[in-house]
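Protein chains: 2
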Amino acid sequence: MSQPSLLAIPLGGLGEFGMNMLALRYGDDMIVVDAGMMFPEAELLGVDIVIPDIAYLKQHRHILRGIILTHGHEDHIGALPYILPELNVPVYGTEFTLALVTKRLEEHGLLEQTVLREAHPGKTVEIGPFEIEFIYVTHSTMDCTALAIRTPLGVVIHTGDFKMDPTPTDLRPFDLHAFAEYGQEGVLALFSDSTNVERAGYTPSERAVWQRIEELCRAAPKRIVVSCFATSIHRIQQIIDIAHLVGRKVAFVGRSMVSNTEIAHSLGRLRIPDGLLVRPQDVKTFDPKRLLALVSGSQAEPMSALSRVAVDNHRNLSVDENDTVILSARIIPGNEKQIFRMIDHMFRRRALVYYDDGGRAPLHVSGHASQEELKLILNLVRPKYFIPIHGEYRQLFRHAALAHQVGSVAEQIFVLESGQPIEFTSEGAFKREPVNAGRVLVDSGSLEEIQDVVVRDRRHLSEDGVLVPILAIDKHTGRIESSEIVTRGFLPTDDGHVVVNGAREVMRKTVEASNPEEKGDWTVMREKIRVDLKRYLNKQTSKRPLILPVILEV
Amino acid sequence: MSQPSLLAIPLGGLGEFGMNMLALRYGDDMIVVDAGMMFPEAELLGVDIVIPDIAYLKQHRHILRGIILTHGHEDHIGALPYILPELNVPVYGTEFTLALVTKRLEEHGLLEQTVLREAHPGKTVEIGPFEIEFIYVTHSTMDCTALAIRTPLGVVIHTGDFKMDPTPTDLRPFDLHAFAEYGQEGVLALFSDSTNVERAGYTPSERAVWQRIEELCRAAPKRIVVSCFATSIHRIQQIIDIAHLVGRKVAFVGRSMVSNTEIAHSLGRLRIPDGLLVRPQDVKTFDPKRLLALVSGSQAEPMSALSRVAVDNHRNLSVDENDTVILSARIIPGNEKQIFRMIDHMFRRRALVYYDDGGRAPLHVSGHASQEELKLILNLVRPKYFIPIHGEYRQLFRHAALAHQVGSVAEQIFVLESGQPIEFTSEGAFKREPVNAGRVLVDSGSLEEIQDVVVRDRRHLSEDGVLVPILAIDKHTGRIESSEIVTRGFLPTDDGHVVVNGAREVMRKTVEASNPEEKGDWTVMREKIRVDLKRYLNKQTSKRPLILPVILEV
Numbered sequence: 001m002s003q004p005s006l007l008a009i010p011l012g013g014l015g016e017f018g019m020n021m022l023a024l025r026y027g028d029d030m031i032v033v034d035a036g037m038m039f040p041e042a043e044l045l046g047v048d049i050v051i052p053d054i055a056y057l058k059q060h061r062h063i064l065r066g067i068i069l070t071h072g073h074e075d076h077i078g079a080l081p082y083i084l085p086e087l088n089v090p091v092y093g094t095e096f097t098l099a100l101v102t103k104r105l106e107e108h109g110l111l112e113q114t115v116l117r118e119a120h121p122g123k124t125v126e127i128g129p130f131e132i133e134f135i136y137v138t139h140s141t142m143d144c145t146a147l148a149i150r151t152p153l154g155v156v157i158h159t160g161d162f163k164m165d166p167t168p169t170d171l172r173p174f175d176l177h178a179f180a181e182y183g184q185e186g187v188l189a190l191f192s193d194s195t196n197v198e199r200a201g202y203t204p205s206e207r208a209v210w211q212r213i214e215e216l217c218r219a220a221p222k223r224i225v226v227s228c229f230a231t232s233i234h235r236i237q238q239i240i241d242i243a244h245l246v247g248r249k250v251a252f253v254g255r256s257m258v259s260n261t262e263i264a265h266s267l268g269r270l271r272i273p274d275g276l277l278v279r280p281q282d283v284k285t286f287d288p289k290r291l292l293a294l295v296s297g298s299q300a301e302p303m304s305a306l307s308r309v310a311v312d313n314h315r316n317l318s319v320d321e322n323d324t325v326i327l328s329a330r331i332i333p334g335n336e337k338q339i340f341r342m343i344d345h346m347f348r349r350r351a352l353v354y355y356d357d358g359g360r361a362p363l364h365v366s367g368h369a370s371q372e373e374l375k376l377i378l379n380l381v382r383p384k385y386f387i388p389i390h391g392e393y394r395q396l397f398r399h400a401a402l403a404h405q406v407g408s409v410a411e412q413i414f415v416l417e418s419g420q421p422i423e424f425t426s427e428g429a430f431k432r433e434p435v436n437a438g439r440v441l442v443d444s445g446s447l448e449e450i451q452d453v454v455v456r457d458r459r460h461l462s463e464d465g466v467l468v469p470i471l472a473i474d475k476h477t478g479r480i481e482s483s484e485i486v487t488r489g490f491l492p493t494d495d496g497h498v499v500v501n502g503a504r505e506v507m508r509k510t511v512e513a514s515n516p517e518e519k520g521d522w523t524v525m526r527e528k529i530r531v532d533l534k535r536y537l538n539k540q541t542s543k544r545p546l547i548l549p550v551i552l553e554v
Numbered sequence: 001m002s003q004p005s006l007l008a009i010p011l012g013g014l015g016e017f018g019m020n021m022l023a024l025r026y027g028d029d030m031i032v033v034d035a036g037m038m039f040p041e042a043e044l045l046g047v048d049i050v051i052p053d054i055a056y057l058k059q060h061r062h063i064l065r066g067i068i069l070t071h072g073h074e075d076h077i078g079a080l081p082y083i084l085p086e087l088n089v090p091v092y093g094t095e096f097t098l099a100l101v102t103k104r105l106e107e108h109g110l111l112e113q114t115v116l117r118e119a120h121p122g123k124t125v126e127i128g129p130f131e132i133e134f135i136y137v138t139h140s141t142m143d144c145t146a147l148a149i150r151t152p153l154g155v156v157i158h159t160g161d162f163k164m165d166p167t168p169t170d171l172r173p174f175d176l177h178a179f180a181e182y183g184q185e186g187v188l189a190l191f192s193d194s195t196n197v198e199r200a201g202y203t204p205s206e207r208a209v210w211q212r213i214e215e216l217c218r219a220a221p222k223r224i225v226v227s228c229f230a231t232s233i234h235r236i237q238q239i240i241d242i243a244h245l246v247g248r249k250v251a252f253v254g255r256s257m258v259s260n261t262e263i264a265h266s267l268g269r270l271r272i273p274d275g276l277l278v279r280p281q282d283v284k285t286f287d288p289k290r291l292l293a294l295v296s297g298s299q300a301e302p303m304s305a306l307s308r309v310a311v312d313n314h315r316n317l318s319v320d321e322n323d324t325v326i327l328s329a330r331i332i333p334g335n336e337k338q339i340f341r342m343i344d345h346m347f348r349r350r351a352l353v354y355y356d357d358g359g360r361a362p363l364h365v366s367g368h369a370s371q372e373e374l375k376l377i378l379n380l381v382r383p384k385y386f387i388p389i390h391g392e393y394r395q396l397f398r399h400a401a402l403a404h405q406v407g408s409v410a411e412q413i414f415v416l417e418s419g420q421p422i423e424f425t426s427e428g429a430f431k432r433e434p435v436n437a438g439r440v441l442v443d444s445g446s447l448e449e450i451q452d453v454v455v456r457d458r459r460h461l462s463e464d465g466v467l468v469p470i471l472a473i474d475k476h477t478g479r480i481e482s483s484e485i486v487t488r489g490f491l492p493t494d495d496g497h498v499v500v501n502g503a504r505e506v507m508r509k510t511v512e513a514s515n516p517e518e519k520g521d522w523t524v525m526r527e528k529i530r531v532d533l534k535r536y537l538n539k540q541t542s543k544r545p546l547i548l549p550v551i552l553e554v
């Protein structure tokens with residue numbers, strides 16, 4: 001480069017939902033903001049999670065100085081365990097964010113080799129030519145930040161995920177003043193969250209859910225089961241406070257709910273009155289009228305705690321007649337069918353099920369800024385250049401249109417997609433040649449247990465092999481009527497039939513161990529069969545074929 | 001039966017969305033209300049549509065007197081071509097309903113052997129011991145009816161699908177008086193539509209969409225593309241009227257849009273001003289500022305007209321910069337991802353895309369009754385027994401709860417699921433032993449072309465065989481990086497490899513003939529590959545293996 005210039009390279013999250021990642025490069029120094037994952041769509045059979053392709057980062061490994069995390073949601077930190085072994089650079093983030101990362105790295109045996117550097121909202125960190133201020137913002141999890149990144153070419157602001165909650169439950173306000181000051185000083189470029197750009201008005205405060213949840217808890221005739229995202233510590237705090245207020249004890253159920261509340265509590269960031277907690281193993285026998293269970297699995301993920309509870313297949317908790325079930329979470333588009341199937345299971349048990357159906361006071365509020373908040377940030381920051389981030393194409397496009405309407409962007413608005421770099425020089429801002437970017441599919445073991453991980457290179461499909469178990473299950477009796485196992489390219493020819501017969505036996509046992517409602521739910525059965533077969537095949541053959549179960553109903 | 005009694009046997013649509021079907025039996029006479037289909041969920045790979053299991057009807061074929069249709073939507077008539085060959089009884093319905101049925105039966109070569117009997121709202125039809133009045137109701141398609149079925153045990157009212165539109169676009173009012181009179185006389189049982197039971201208030205009138213669509217059409221700088229359901233004749237009429245008003249010609253694009261508007265027009269039920277229509281083949285060259293295209297495929301079904309238009313793969317129509325695209329249809333849950341992917345394609349082309357995002361005046365209104373309308377029907381009819389129909393379990397349950405709250409049901413409310421009969425006698429109403437009911441999966445050829453049809457018996461899986469094409473497509477170049485074809489149980493051993501090689505060639509051509517955006521969309525590619533392979537394999541082997549394409553991205 002003849003002239004000094006700043007390159008911004010979006011590697012994920014622009015033109016797609018999730019796996020957020022943005023690289024910033026000035027001369028021979030590069031940093032990365034966030035390293036997120038996304039959950040695979042139903043079409044992506046046989047895959048657990050999806051992460052950004054980091055070919056570009058590996059190529060520039062020698063100038064990469066660190067990964068900066070805005071907050072601890074999976075779509076911002078979830079790729080770390082898969083990319084750190086290849087990059088191994090220091091990771092910066094706030095206290096709670098790093099606590100979540102620590103847990104994840106521990107599970108993957110990566111903690112010792114990773115340098116974690118705690119950042120503090122309102123304070124700055126220097127990395128090469130970058131001086132980074134962490135700015136406190138309100139969002140649906142704790143310790144969330146925007147970033148003001150001072151570079152030789154000017155200040156870049158990255159909002160992270162945010163909303164402007166005027167009455168946060170922990171009384172810690174969104175740092176309006178920091179944004180105002182940078183706006184006053186002059187900002188080169190603003191990268192801002194587009195998730196809720198389609199929503200008019202203001203996103204309601206986190207407090208908006210208190211009233212109805214309290215009402216439902218006061219009215220509940222028997223046990224109360226509440227499900228929310230396990231990272232929503234503010235929500236969890238409110239539910240604990242409500243339980244305490246109405247005289248109920250609290251039990252945490254589900255791996256992520258137990259783990260995240262433990263982390264927040266150990267940091268002194270979740271207040272749990274003494275004697276309030278009931279141990280999971282005591283839930284079954286505890287007086288239902290005095291109990292509230294906080295359960296993870298609000299998206300009805302196959303094999304999550306709430307999914308199991310709904311079909312009476314959980315060790316410690318079930319839902320029975322007149323129990324109250326409150327879903328205090330968004331129904332993420334794409335998950336409706338499985339969520340409503342779970343809700344149906346609970347209604348069939350005559351539970352009183354409450355979920356956001358657009359009526360009355362909300363049971364859930366979003367953590368992302370709506371149009372008026374997005375306009376406010378644009379007016380506060382009034383950048384020279386504006387680039388919408390975190391959204392599918394239509395959301396980025398509409399965020400750009402919103403910015404045009406506001407009129408506070410001095411120079412130019414760019415709609416970029418992942419892989420499309422933009423270069424800032426003293427002459428202006430310019431789109432550059434696209435770099436390699438895309439999705440990498442990860443087969444990481446089941447959601448419930450972390451095993452050793454294979455970042456699968458699909459090019460080696462024929463080496464790893466493919467196994468397609470096809471099961472016909474009689475919908476009335478729940479029995480396997482016929483089963484086929486179709487394989488290609490991974491079985492030794494001599495004892496192949498032994499392995500296939502064994503696999504058939506594994507499937508038979510998996511089906512037998514499932515209850516009728518699970519058998520009627522292909523999503524659940526496919527996932528159970530996939531996980532059990534993966535374990536069996538890995539043990540028998542030391543290989544990891546791609547497993548694509550097909551369930552038929554006869 | 002010692003005592004005369006009336007049996008109602010739900011065979012579809014209770015506890016599931018779609019494929020509505022209810023049998024009514026008195027002594028040795030039976031009728032069936034509706035014969036619907038449902039679209040398969042994504043998990044049901046290799047299947048085109050799903051219809052109810054009619055084992056019970058076949059078993060009682062000798063006493064089955066007719067099929068009564070409430071209206072012409074697919075979830076009420078779609079199973080007819082697949083069940084009529086096995087039942088062959090007269091079909092009753094209103095003019096437009098029978099016109100749609102006629103078209104369908106023609107395509108399946110079943111028209112000549114089927115007796116169709118036109119019914120008229122306000123008039124009755126006698127079938128054995130049943131005297132059936134067709135009652136006019138408002139809904140999103142034309143000629144919709146509820147049924148009042150007089151039996152020796154009392155009157156049964158079946159609402160069909162309805163809303164109470166106070167200002168229908170064709171000025172033909174919902175027949176409140178018929179419901180009132182039956183309520184006055186006394187009604188044994190009410191079976192009522194539960195689709196919108198989760199919505200508070202009243203469903204807006206069909207007219208509610210006019211204002212914003214007119215505004216957008218007046219403001220449109222270039223071509224206008226509007227998509228709605230092809231059966232929504234009232235909507236189509238409004239859009240035609242708006243086009244005429246703002247000085248634009250109209251073109252119908254897409255198989256179902258062309259076919260349904262032709263039918264409605266030929267019946268004199270769709271008013272099209274002389275000279276307003278532009279032929280599809282003239283669309284490309286027609287002045288964009290004077291054109292409005294009405295296109296089917298609002299749910300972004302793979303290979304539908306609008307899906308093709310969105311990626312510039314349609315013969316007659318494309319979407320370019322500053323064209324206006326209006327989605328005047330519901331985004332059906334489960335379809336969001338594919339619909340938003342389609343919308344993104346159009347935004348990338350810099351089209352002005354409008355869809356219902358909860359803001360301002362609606363671009364679409366529902367055809368189903370909300371809570372206040374459901375309460376009104378309950379108060380008008382005040383039946384002895386009430387059975388919610390048309391809904392997943394939670395919707396039936398909530399409709400039952402709503403009826404409890406209204407308090408106008410004299411005796412009892414039953415939440416039934418498909419296969420659960422209820423018997424009405426002079427002593428009361430009683431649940432009886434469940435009968436065989438469930439889903440039958442139909443592999444019917446592509447959505448675009450009707451071929452000969454196989455109602456697949458999944459029990460014979462191993463006879464038909466299975467073919468799993470696995471394709472790894474390079475996401476950057478769009479080239480096939482590797483392909484595997486895994487088969488079981490349908491290929492002759494001697495020339496099996498010839499067929500497999502041919503199949504590989506078919507896949508290669510299918511991928512080559514697709515444009516980059518299609519290649520990036522697995523749902524589309526899977527469907528294209530499935531259809532092309534099905535045609536090829538049927539030709540080569542005269543067999544119809546189950547085809548389960550798997551697309552991988554490398």
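Taken in sequence, the protein lines are chains A and B. Counted the way the numbering used here counts, the first sequence spans residues 1 to 554. Counted the way the numbering used here counts, the second sequence spans residues 1 to 554. Even for Gly, the Cβ is constructed at its ideal location relative to N, Cα and C.
Is there at least one Cβ from chain A nearer than 7 Å to residue i's Cβ?
i	result
Gly334/B	yes
Ile470/B	yes
Asp287/B	no
Asp357/B	yes
Leu374/B	no
Whole angstroms are fine: how far does the CA of residue j sit from the CA of residue i?
i	j	result
Glu181/B	Ala148/B	11 Å
Arg544/B	Ile343/B	35 Å
Ile213/B	Leu176/A	39 Å
Ala146/A	Arg526/B	41 Å
Arg341/A	Thr141/A	27 Å
Pro40/B	Val50/B	6 Å
Can you check whether the C-beta of residue i is within less than 7 Å of a C-beta belonging to chain B?
i	result
Tyr613/A	Beyond the ends of chain A as shown, which are 1 and 554, falls residue 613/A; an answer cannot be given.
Asp344/A	yes
Tyr393/A	yes
If we call anything under 7 Å between Cβ atoms a contact, is residue i one with residue j?
i	j	result
Leu188/B	Val155/B	yes
Val246/A	Cys217/A	yes
Val295/A	His345/A	no
Provide the residue span of the alpha helix (DSSP H) that contains residue i, from first to last.
i	result
Lys222/B	Careful: Lys222/B lies outside any alpha helix (DSSP H) and carries neither H nor E.
Lys103/A	95-107
Starting from residue i, trace the beta strand (DSSP E) both ways and give me its first and last residue.
i	result
Tyr26/B	21-26
Just checking, does the segment 500-511 of chain B make contact with the segment 500-515 of chain A on the three C-beta pairs under 8 Å criterion? Too few Cβ pairs lie closer than 8 Å, so no.
Tell me, please, whether the segment 406-420 of chain A touches the segment 375-392 of chain A by the rule of three or more beta-carbon pairs shorter than 8 Å. Contact holds: three or more Cβ-Cβ distances are below 8 Å.
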